[in-house]
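Participant: So the number in this note's numbering is just where the residue sits in the sequence shown, counting from 1, plus 28. Positions of the beta carbon are idealized from the N, C-alpha and C atoms, including for glycine. Here the structure is a predicted model, which means the values were calculated and not measured.
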Amino acid sequence: MDAKMQRLVQDLKSADIFASCSATDIARIIPYLQERTLRAGDVLFEAGSPATTFYLVSSGTVALLTGKKTTQEISTGTIGEESVYEERYLSDAIAVTDATVYAIDREHLRYVLGSGAGFMQALYRSIINHHVVRSLAGALRPTRVEAAPERPDRLKIIGWVLAIALPVVILLAGGGWGMDWKTKIFATVAVSTIVMWIFRLAHEFIPSIFAVLVILILDIAPPEVALSGFTSGSFFMALSIFGLSAVLVSSGLTYRLVVTLLRFVPRSKFWYNMTIMLVGIFLTPLMPSANGRISLANPILVDMVDSLGYRKGGRAATDLSVATFSGFTLFSGIFLSSKSIHFVIFGLLPIQVQEQFNWGYWLYASLVVGVVLLALHVVVSKYLFANDEPTNLSRERVETQQQVLGPMSTHEWAALGGIVLFLLGIATSTIHKIDLSWIGLTVLYVVLALEFLSKKEFTGSIDWTFLIFLGTLIGLVKSMSYIGLDAGIGKHLLWFGMYTRTNFALFVLLLGASILVLRFFIPNNATVAILAAIFLPIAEISGVNPWVVGYIILFMSDAWLLPYQCTYYLQFEELAHKDGIYDSRLFLKYNAISVLFRFAAVYASIPFWKYLGIL
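(1) On the DSSP bridge assignment, give the partners of F82 in chain order.
(2) Verify whether the separation of the beta carbon atoms of A239 and V217 is less than 8 Å.
(3) For D120, which beta-bridge partners are listed by DSSP?
(4) Output the distance between the C-alpha atoms of A176 and D491, rounded to the nearest integer angstrom.
(5) Would DSSP call I99 helix, strand or coil?
(6) Considering only residues of the same chain and omitting the five flanking positions on each side of Q454, which have a CB-CB separation below 8 Å?
(7) Look at the alpha carbon of M332 and the alpha carbon of F356, and state the distance between them as a whole number of angstroms.
(8) If we ignore side chains and look at the alpha-carbon of each, how far apart do C49 and L433 end up?
(9) Under three-state DSSP, which class holds R295?
(10) Report yes if the CB atom of G271 is closer than 8 Å to the CB atom of L590, and no otherwise.
(11) Using three-state DSSP, classify Y631 as helix, strand or coil.
(12) Apply the 10 Å Cβ neighbour rule to A443 and answer buried if 16 or more other Cβ atoms are within range, or exposed otherwise.
(13) Evaluate contact between the stretch 390 to 401 and the stretch 337 to 346, counting only Cβ atoms and requiring at least three cross-stretch pairs below 8 Å.
(14) Name the residue from P551, A604, P635 whose alpha carbon lies nearest to the alpha carbon of F229.
(15) Taking 7 Å as the limit between beta carbons, can you name the residues of its chain near I213, skipping five residues before and five after?
(16) To which residues of the same chain is S42 closer than 8 Å at the C-beta, ignoring the five residues directly before and after it?
(17) Tell me where the alpha helix (DSSP H) around L402 begins and ends.
(18) Quick one: Cα of F627 to Cα of L640, how far?
(19) In this structure, how does DSSP classify A68 when only helix, strand and coil are distinguished?
(20) Classify V475: buried if its beta carbon has 16 or more other beta carbons within 10 angstroms, exposed otherwise.
(21) Helix, strand or coil, according to DSSP, for T104 in the structure here?
(22) Are at least three pairs of beta-carbons, each pair with one atom in the stretch 564 to 579 and one in the stretch 292 to 304, less than 8 Å apart?
(23) Tell me which residues share the same chain as T555 and place their Cβ nearer than 7 Å to its Cβ, disregarding the 5 neighbours each side in the sequence.
(24) Take F82 as the anchor and find which of E485, E135, H405, R56 has the nearest alpha-carbon.
(25) If we count the other Cβ atoms within 10 Å of its Cβ and call it buried at 16 or more, is H405 buried or exposed?
(26) Tell me the rounded alpha-carbon separation between I309 and N319.
(27) Between D120 and the rest of its own chain, which residues show a CB-CB distance below 6 Å, the 5 nearest in sequence each way excluded?
(28) Between M265 and L364, what straight-line distance do the alpha-carbon atoms span, to the nearest angstrom?
(29) Hey, quick one: how far does the alpha helix (DSSP H) through K483 stretch, first residue to last?
(30) Under 8 Å by Cβ, that's how I've got V85 and I107 pegged, so tell me the actual separation to the nearest angstrom.
(31) Hey, could you find the ends of the alpha helix (DSSP H) A249 is sitting in?
(32) Since Q34 sits in a beta bridge, which residues does DSSP pair it with?
(33) For W637, count neighbouring Cβ atoms within 10 angstroms of its own Cβ and tell me buried if that reaches 16, exposed if not.
(34) Going by the beta-carbon positions, is the gap between N415 and L336 smaller than 8 Å?
(35) Where does Y592 land, buried or exposed, given buried means 16+ other C-beta within 10 angstroms?
(36) Would you say L66 and Y130 are within 8 Å of each other, going by their C-beta atoms?
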């Protein structure tokens with residue numbers, strides 16, 4: 029690192045506003061800083077002009093003026109804090125002497141630092157110090173906005189009508205269908221719950237709580253059945269993976285990994301794309317939330333597009349965006365711990381199948397899927413995003429970022445150690461015979477006991493609503509099996525299940541097509557829960573390993589064609605596309621093609637599954 033860059037890094041670290049920032053934050057800021065040289069008397073910005081840029085004064089003196097009165101002179105420090113949250117500057121900024129300042133636009137500053145409490149507090153302190161409190165108070169006085177009257181959602185009204193009417197029909201006509209009292213009551217509860225899921229009348233865990241409560245209160249199934257989900261290995265596996273994911277995110281280890289790889293990979297678009305894709309694949313089994321992975325991926329994508337010098341909205345930037353999104357989401361199916369809903373399917377499998385399909389064997393059985401997805405992605409991307417746009421990655425800048433990061437912190441070592449212990453536990457599972465759930469929980473306990481994850485971080489990072497959904501949903505399906513309703517439904521659908529033995533290829537086509545149609549109307553998790561409750565028993569009756577059917581349901585339910593069907597794409601679009609980073613038309617074209625990837629990957633896996641003896 030040269031002397032000039034050392035001075036810049038020191039200025040950043042010494043500025044009060046960045047006092048709460050980590051080394052990772054400082055390293056991420058550096059690529060976006062633009063040096064500007066001012067002469068005495070030069071105007072940096074004027075009061076009332078659009079507040080689009082934040083400044084760090086490195087040398088010389090810059091005065092802030094309100095009217096003709098100087099409110100503050102800054103020799104070393106920050107100005108233009110209004111750009112973070114205001115539309116206009118509150119004062120004039122004029123160079124008193126020759127000066128050097130570094131500028132960063134508001135969007136990039138927000139990308140890097142977000143809205144962390146420490147940063148925002150320092151921001152407010154700084155702006156108060158720079159301005160007369162009276163004028164500042166007037167400038168920042170909140171404007172009361174009258175809320176528009178809410179219109180009733182007609183779709184939700186229809187949903188509530190159906191949630192009440194359909195159970196009434198079942199109660200009145202159920203006797204004619206040969207159902208006893210317990211089966212009739214369970215059917216009414218199940219139908220009402222499914223309708224609430226389909227029409228999104230409440231958060232998905234609320235209908236499942238309702239269903240379990242009715243089952244317990246009316247004694248349809250005993251507590252050890254209805255609440256079995258909360259004592260299952262799936263529940264504790266999900267809990268431990270959520271905790272380990274929190275340690276990984278808070279440590280900053282991910283950004284260090286990207287910077288290190290960019291320093292050593294060959295200088296080509298292919299390898300830049302593969303770098304971020306491989307990082308995504310590496311993180312996929314460690315973070316059981318696609319939305320969580322996307323929130324981690326977006327800042328990395330923005331940094332890389334800027335560092336590589338790609339034209340925003342161009343084919344090169346779109347190609348990199350697709351590689352990022354695919355790496356962090358497309359390969360979810362090959363890992364048991366990649367998505368929360370996977371734990372639901374795992375919890376619904378028979379015990380002997382759970383023992384067989386531990387984390388390692390799930391990955392092994394999915395290898396063909398992973399290889400096919402990666403190969404098809406490379407081929408399609410090469411032709412769909414073909415371009416001659418040059419790359420301008422500065423190795424010097426990357427080296428500077430790595431130097432700023434410094435040696436690995438204790439927090440990073442803890443994250444790395446937790447991941448290594450978890451993977452070692454998985455790799456040696458055939459020796460120690462300890463269930464994956466207890467391995468993950470043990471690693472999480474060590475991390476918590478050594479205080480590498482605070483109570484606040486732990487409680488804030490765990491998706492407790494999903495854990496409730498997981499526990500209640502498993503209990504709901506187990507109760508369904510307890511009263512024999514799953515066997516009854518299976519008998520009526522045996523014609524469909526026969527294809528699993530006589531023509532599995534046709535079964536895959538029919539099931540996959542049905543899922544794609546359902547996904548236009550039903551959220552992902554609800555689709556998986558409904559189809560799993562129906563088809564897993566059919567698979568057992570048909571003599572097919574239920575994992576295969578459950579896997580196809582999971583894998584195909586993750587496919588989408590329109591943005592509203594995919595919450596993590598909407599999140600990705602909000603964070604990346606709003607800045608014009610990629611061409612949404614090309615992106616969605618690729619996504620439509622990727623649906624065919626999924627069918628190809630499943631069909632390519634059939635011979636491998638037969639070889640393994642699970643089909």
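Facilitator: Taking the definition as stated:
(1) Within the sequence shown, numbered from 1, the residue matching residue 82 stands at position 54. Note: F82 sits in a beta bridge opposite I132.
(2) Residue mapping note: residue 239 aligns to position 211 of the sequence shown, counting from 1. Residue mapping note: residue 217 aligns to position 189 of the sequence shown, counting from 1. It is a contact, given that the beta carbons lie within the stated cut-off.
(3) Counting from 1 along the sequence shown, the entry for residue 120 is found at position 92. Paired residues: L93.
(4) Residue 176 sits at position 148 when you count from the first residue of the sequence shown. Residue 491 sits at position 463 when you count from the first residue of the sequence shown. Legend: pLDDT at A176 = 44, less than 50; position of this residue unreliable, value from coordinates given subsequently. Whole-angstrom Cα-Cα distance: 32 Å.
(5) Within the sequence shown, residue 99 is the residue found at index 71, counting from 1. Going by the sequence as given, residue 99 is Thr instead of Ile. Three-state DSSP puts T99 in a strand.
(6) What you label residue 454 is simply residue 426 of the sequence shown in a count that begins at 1. In the sequence as presented, Gln is not what sits at residue 454; that position holds Ile. Hits under 8 Å: N386, W387, G388, L464, I467.
(7) As a working mapping, residue 332 is identified with position 304 in the sequence shown. As a working mapping, residue 356 is identified with position 328 in the sequence shown. Cα-Cα distance, rounded: 15 Å.
(8) Position 21 of the sequence shown, counted from the first residue, corresponds to residue 49. Position 405 of the sequence shown, counted from the first residue, corresponds to residue 433. About 12 Å.
(9) As a first step, residue 295 is located in the sequence shown; it is residue number 267 there, counting from the start. The answer is coil: DSSP assigns R295 none of H, G, I, E or B.
(10) Working through the sequence shown from its first residue, we reach residue 271 at position 243. Working through the sequence shown from its first residue, we reach residue 590 at position 562. Not a contact, by the Cβ cut-off of 8 Å.
(11) If you number the sequence shown from 1, residue 631 lands on position 603. Correct three-state label for Y631: helix.
(12) Along the sequence shown, read from residue 1 onward, the residue named residue 443 stands at position 415. The residue is buried, with at least 16 neighbouring Cβ atoms inside 10 Å.
(13) no
(14) Here residue 229 corresponds to residue number 201 of the sequence shown, with the count starting at 1. Inspection of the sequence shows that residue 229 is occupied by Leu rather than by Phe. With distances taken between Cα atoms, L229 lies closest to P551.
(15) Locating residue 213 in the sequence shown gives position 185, where the first residue counts as 1. Excluding positions up to five away in sequence, the list reads L246, I248.
(16) Along the sequence shown, read from residue 1 onward, the residue named residue 42 stands at position 14. For S42, where only same-chain residues beyond five positions count, the Cβ hits under 8 Å are T104.
(17) Mapped onto the sequence shown, residue 402 falls at position 374. Here the alpha helix (DSSP H) through L402 covers 395 to 412.
(18) Numbered from its first residue, the sequence shown carries residue 627 at position 599. Numbered from its first residue, the sequence shown carries residue 640 at position 612. Rounded to whole angstroms, F627 to L640 spans 20 Å at the Cα level.
(19) As a working mapping, residue 68 is identified with position 40 in the sequence shown. Looking at A68 - three-state DSSP - the assignment turns out to be coil, as it is neither helix nor strand.
(20) The count along the sequence shown starts at 1 and reaches residue 475 at position 447. Buried, by the Cβ-count rule.
(21) Translated into positions along the sequence shown, residue 104 becomes position 76. Coil.
(22) no
(23) Your numbering for residue 555 matches position 527 in the sequence shown. Result list for T555: I543, L546, R547, S585, in chain order.
(24) Looking up residue 82 in the sequence shown gives position 54. Taking only the C-alpha atoms, the option nearest F82 is E135.
(25) Walking along the sequence shown from the start, residue 405 turns up at place 377. Burial call: buried.
(26) Along the sequence shown, one-based indexing puts residue 309 at 281. Along the sequence shown, one-based indexing puts residue 319 at 291. Approximately 14 Å between the Cα atoms of the pair.
(27) Taking the first residue of the sequence shown as 1, we reach residue 120 at position 92. Same-chain partners within the cutoff: E74, A75, L93.
(28) Here residue 265 is taken as the residue at index 237 of the sequence shown, counted from 1. Here residue 364 is taken as the residue at index 336 of the sequence shown, counted from 1. Spanning the two alpha carbons is a distance of roughly 10 Å.
(29) Translated into the one-based positions of the sequence shown, residue 483 becomes position 455. Counting along the chain, the alpha helix (DSSP H) containing K483 begins and ends at 483 to 489.
(30) Position 57 of the sequence shown, counted from the first residue, corresponds to residue 85. Position 79 of the sequence shown, counted from the first residue, corresponds to residue 107. With 8 Å as the limit, V85 and I107 qualify as a contact, their Cβ atoms being about 6 Å apart.
(31) Counting from one through the sequence shown, the residue named residue 249 turns up at place 221. First-last for A249: undefined, no H or E at that position.
(32) Your numbering for residue 34 matches position 6 in the sequence shown. Per DSSP, none; premise fails for Q34.
(33) The sequence position of residue 637 within the sequence shown is 609, counting from 1. Under this definition W637 is a buried residue.
(34) Position 387 of the sequence shown, counted from the first residue, corresponds to residue 415. Position 308 of the sequence shown, counted from the first residue, corresponds to residue 336. No, these two residues do not count as a Cβ contact at 8 Å.
(35) Within the sequence shown, numbered from 1, the residue matching residue 592 stands at position 564. So Y592 ends up on the exposed side.
(36) For this step, residue 66 is matched to residue 38 along the sequence shown. For this step, residue 130 is matched to residue 102 along the sequence shown. In this structure, Y130 does not lie closer than 8 Å to L66 by Cβ.
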